Structure formats: C-alpha cells, structure tokens
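This report concerns only the one structure given below.
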Ligand code: NAD
Ligand code: UDP
Ligand code: UDP
C-alpha cells in the first residue's frame, strides 16, 4: 500500500544550500575573547553568514561592535543551557567562562554550561545536520604526569576540586560529543586549547598574561603565584583562530591539541613582561590557588600532521600587540 502522505519539504536552509554555497555558522560564546576574533575571521569570507549567541557573562557586545548591523551578521542574547532553535550548517561551540576566577564564581552554572549547554548544541546539530566543533581545554589533562601532553594522555584530574566544574565539565562535554558522533552520526571536531592570549582579553579577568600586562601598565607589582616555577605555553589568538578553522574544515574529529609549545615558567613570563613593558615594576610572590597544574606544554604533532598547522607568533611578538590594546583600554599612553 502506497502512502498518501507527500514527502517532507526540504527545510528552507537545505533548499537554499542547494542553490548557493553560502554557509551559515553559529558561534556560541562569540562575544568573548577567542570567539570575537573567530567571528572577525569568519566574516571576512563573503560566503559566510554568522550568528552569535552569548549571555554576556564574560563577553561583551563591544567585542563585536564592528559587525552589529551587518547584513550577514546576527547577535542573539541567549544562554546555551536553554534550548536554541536556529538553522545552521556549522556550530563553533565556545560558550563557557575560561578564566578561573569567573568559572569558580558560580561553579554549578559552569558545569551546567559545559554539560547542558553542550548537550543542547549537539541536539541542535543533530536536528539540522550541522557539523559541531567544541573548544575543549588543556585542563582535561589536569596536573599532568606526562610532559608534554599528547592527545592520547587521559589526564590527572581531581574530580571534586575547585577547578572540577571546568575541567571535569569539559571532559563530560568531550564524552557527549563522541557519544553523539557514535550514536547519531553527528560530525564532530574537538580542539584542546592551551593558554591563549591577545587583544580583547578581559583586563581584570585574573588570567596571568592579562594580569601581568595590566599590572605593568598601571605601575603595580607583577603578582607571581608561588612557586613561580610552574609552566604554561602561550598561544597568540590569531594562531588559535587559524587552528580552529582548519580543524573545522578538515576531516579529523580530534581531539587535537591547539597551542604554542614554547614553554615558560611564570617567573620567566613576569621578567619578560617587565623587560618589554615596564622595567620599573617589581615582581612580587603571592599565594597560589589549589590544584594549580605545575607544568603544561602541548605536543602538537597531530595538529602539524593532520591540519598542517603550527603557531607563527612568538611570545615576544605577541605581548607588544596585546600591550597596544591594553594601553588604549586603560588610557595609558606610551612614553616616548
Ligand atoms: P571568554 O570568557 O572570553 O568567552 C566565553 C564566552 O562565552 C563569553 O562571551 C561568555 O559571555 C559566553 N558564555 C559563558 N557562558 C555562557 C552561557 N551559558 N550561554 C551563552 N554564552 C555563555 O573565554 P575565551 O578565552 O574566549 O574562551 C572561549 C572558549 O575557549 C571556552 O570554551 C574556553 O573553555 C576555551 N578555552 C580557552 C582558553 C584560553 O586560554 N583562553 C584555554 C582553553 C580553552
Ligand atoms: N535541542 C536544542 N535545539 C534543537 C534541538 C535540540 O536546543 O534544535 C536541545 C533539546 O532541548 C534537548 C537537547 O538539545 O534537550 C538534546 O536533544 P536530543 O534531540 O538529542 O535529545 P532529546 O530531546 O531526545 O532528549
Ligand atoms: N598566575 C600568576 N599570577 C597571576 C595569575 C596567575 O602567577 O596573577 C599563575 C597561576 O598560578 C598559573 C598560571 O599563572 O600557574 C596560569 O594561570 P591562568 O589563570 O592564566 O590560567 P590556567 O592555565 O591556570 O587556567
């Protein structure tokens, strides 16, 4: 017996996709630091339409002001822990506070954002057939016992500590991504981002590079948390955005580390900022917070081989670019 029902009409999106090659891209957390730089790059391509959803917890409209009113751009105030109905081809899912002081401020909200937020974006990806990229983090390696960290390392994470809302939250988000991939055939991409810095970071967000630059410009002591020998590897934001787009456009699900392997102790970082920005400031040792990872450096073999990506901007080149932006925002002119 043949059905009298007519076949479903193609969705408006699929229909338009058939005739033109425009790409509609959702960026969650697009009003934040990395997200707004990603939006700048995506908007450069005239075939892209970009929709940003953000609840402005740590991001701001100011970061996107040059796009507001642009016909290919849309900004929606929305919390990813709530259901979202839009029709898109790709989802860059960044929404989540990244700085320890903000993600610890309301840890329950942070874990909801990571778990329910990611679940919602996966449900959306499933409904519309979109490819989804999650910005996970080097924090999934916890206080690593292997150095540098390859993607195959499972990590050393405290499940009940003050950072757990963030690092365990991201670990569950990665699990959800792979379960939707295996169970529902969703196209997924996972980037494990290592410490990233650059213009538009929140001035007082507590992360080490923004703290040191703001302190140096205000003539305050640089606060190195003890012991100061702990290491991080800092990636300039333009390199990060390049890596994320390559991952989205490529054929590999990941997880893939995206970061700069140049490794520095926090004392070395303080000395570099002092030398480049304000040789007169002092370096002061202060108390640290619990569970601070002692070392962190990405193994980027996979990114090099699978994405043809490696960072180009060295710390000494990136810091002055960030200094310029912080001077403007803090109103501190450069001495001639
Ligand atoms: P950010 O805090 O500047 O940006 C996060 C954005 O998400 C903000 O605009 C914020 O308002 C928004 N947001 C937070 N919770 C939300 C919610 N529930 N609903 C909607 N929007 C929400 O941080 P960032 O440095 O740009 O980080 C972006 C992503 O990259 C995050 O997922 C972060 O975990 C990841 N990451 C960043 C770093 C880094 O060094 N910056 C390192 C590892 C991973
Ligand atoms: N979801 C969403 N937008 C959509 C489709 C789904 O926000 O376009 C959310 C939905 O609210 C649900 C989650 O994604 O809570 C998971 O959706 P899925 O369809 O996978 O699961 P189910 O709704 O069957 O529990
Ligand atoms: N840190 C510091 N001084 C500061 C802020 C942070 O020495 O004013 C140290 C912190 O103890 C950690 C490193 O810098 O070892 C990186 O901290 P951040 O919060 O930037 O990022 P994390 O990698 O810990 O998420």
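Numbering (UniProt numbering), first residue to last: 11 to 346.
Note that the Cβ used here is the ideal one computed from N, Cα and C, for glycine as well.
Remember, predicted model here, so these are calculated numbers, not experimental data.
Runs of alpha helix (DSSP H) wholly within the stretch 221-294 (minimum 4 residues, chain order): The alpha helix (DSSP H) runs of length 4 or more contained entirely in the stretch 221-294 are, from start to end of the chain, 247-259, 276-287.
Cβ-Cβ distance between residue 88 and residue 95 below 8 Å: No, Cβ-Cβ distance for residue 88 and residue 95 is not below 8 Å.
Contiguous alpha helix (DSSP H) assignments of at least 4 residues, all confined to the stretch 105-152: Every alpha helix (DSSP H) stretch that sits fully inside the stretch 105-152 and reaches 4 residues is listed by chain position as 110-113, 117-122, 128-138.
Proximity of residue 39 and residue 49 at Cβ, strictly below 8 Å: At a Cβ-Cβ threshold of 8 Å, residue 39 and residue 49 do not count as neighbours.
Boundaries of the alpha helix (DSSP H) in which residue 377 is found, first to last residue: The first residue shown for the chain is 11 and the last is 346, placing residue 377 beyond what the model contains.
Contact test: residue 137 Cβ vs ligand 2 heavy atom, cutoff 7 Å: Yes; taking the cut-off as 7 Å, the Cβ of residue 137 has a heavy atom of ligand 2 nearer than that.
Sequence-distant residues of the same chain with beta carbon closer than 8 Å to residue 160, five excluded per side: Closer than 8 Å at Cβ, skipping near neighbours: 267, 309, 311, 312.
Nearest residue (CA-CA) to residue 235, options 301, 68, 143: Comparing alpha-carbon positions, the option among 301, 68, 143 lying closest to residue 235 turns out to be 301.
Same chain, Cβ closer than 8 Å to residue 338, five either side skipped, listed in chain order: Excluding positions up to five away in sequence, the list is empty.
For residue 83, three-class secondary structure by DSSP: Strand, per DSSP.
DSSP three-state assignment for residue 157, whether helix, strand or coil: Residue 157 falls in the coil class under three-state DSSP.
Assumed close pair residue 127, residue 90 - CB separation to whole angstroms, cut-off 8 Å: The beta carbons of residue 127 and residue 90 sit about 4 Å from each other, so the pair counts as a contact at 8 Å.
Cα-Cα separation, residue 323 to residue 330: Cα-Cα distance, rounded: 11 Å.
Beta-carbon proximity list for residue 290, same chain, < 8 Å, skipping 5 on both sides: So the qualifying residues of the chain are 229.
Alpha carbon of residue 82 to alpha carbon of residue 57, nearest angstrom: One C-alpha to the other measures close to 9 Å.
Limits of the alpha helix (DSSP H) - the one that residue 199 falls within: Counting along the chain, residue 199 sits inside no alpha helix (DSSP H); it lies in the beta strand (DSSP E) bounded by residues 198-203.
Heavy atom of ligand 3 within 7 Å of residue 276 beta-carbon: Checking the Cβ of residue 276 against ligand 3 gives yes.
For residue 215 and residue 180, the rounded distance between their alpha carbons: Cα-Cα distance, rounded: 20 Å.
Span of the alpha helix (DSSP H) around residue 163: First-last for residue 163: undefined, no H or E at that position.
When 223, 101, 52 are compared against residue 63, the one with the closest alpha-carbon: When 223, 101, 52 are compared, the shortest CA-CA separation from residue 63 is found for 101.
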